[in-house]
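Once you know that position 113 of the sequence shown is 121 in our numbering, the rest is easy, because the numbers rise by one and skip nothing.
Even for Gly, the Cβ is constructed at its ideal location relative to N, Cα and C.
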Amino acid sequence: MRTSPEIQRRAQELRKCMTVTEQRLWAALRRGQVAGLRFRRQHPWGSYIFDFFCAELKLVIELDGPIHAEPSQQENDLERDEQCRAHGLTVLRFTNDQVLQELDAILQTILTLHQNPQNN
C-alpha cells in the first residue's frame, strides 16, 4: 500500500516520541525476542500508521489509550480494522492498562498466532 511522504515523516516523528506503553511493548518485541519475529514500530501503511507491525504474521498491533473509548474514535478504529482485514492483516488491540499489567499475556497471544497461523 502506498504511503505519502507526509505519513512517512509523521511515522518517523512518532518513533522518536513513543508513549510509555509503546516503549514497554517495543522493549519486549524488538530484536526478535518473540520467536525470532521481526516487528516494526510506527509502521506507515497507506494513510495509517500502525503502532507495531510484523510482516511475517501480517499482524498489526494497536495500543489504545483513553481516546479510543470515544464513540467517534471507536468508529474510526472499526473502519481501519476492517480495511486491514480486507487486505489479509490480523489486528490485535490492547489497552494501555493491558500492556502495563498483562504484558506476558500479550506476548503469549502473539506467540500463539505464530504457532497457529491458520487461525489468523
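When the Cα atoms are used, residue 12 and residue 51 turn out to be separated by approximately 13 angstroms. Burial state of residue 92 is buried, judged by a 10 Å Cβ sphere holding 16 or more other Cβ atoms. Our two residues, residue 101 and residue 67, have alpha carbons roughly 11 angstroms apart in a direct line.
Counting every other CB atom within 10 Å of its CB across the protein chains shown gives residue 39 a total below 16, marking it as exposed.
From the listed residues 58, 16, 79, the smallest Cα separation to residue 70 is found for 58.
Taken atom to atom, the span from the alpha-carbon of residue 10 to that of residue 81 is near 24 angstroms. Excluding the 5 residues flanking it on each side, residue 43 has same chain C-beta neighbours closer than 7 angstroms at 119, 122, in chain order. The beta carbon of residue 87 is closer than 8 angstroms to none in its chain, skipping five residues each way along the sequence.
Listed in chain order, the non-local C-beta contacts of residue 117 below 8 angstroms within the same chain comprise 100, local neighbours out to five positions each way being set aside. One alpha carbon belongs to residue 18, the other to residue 54, and they sit about 12 angstroms apart.
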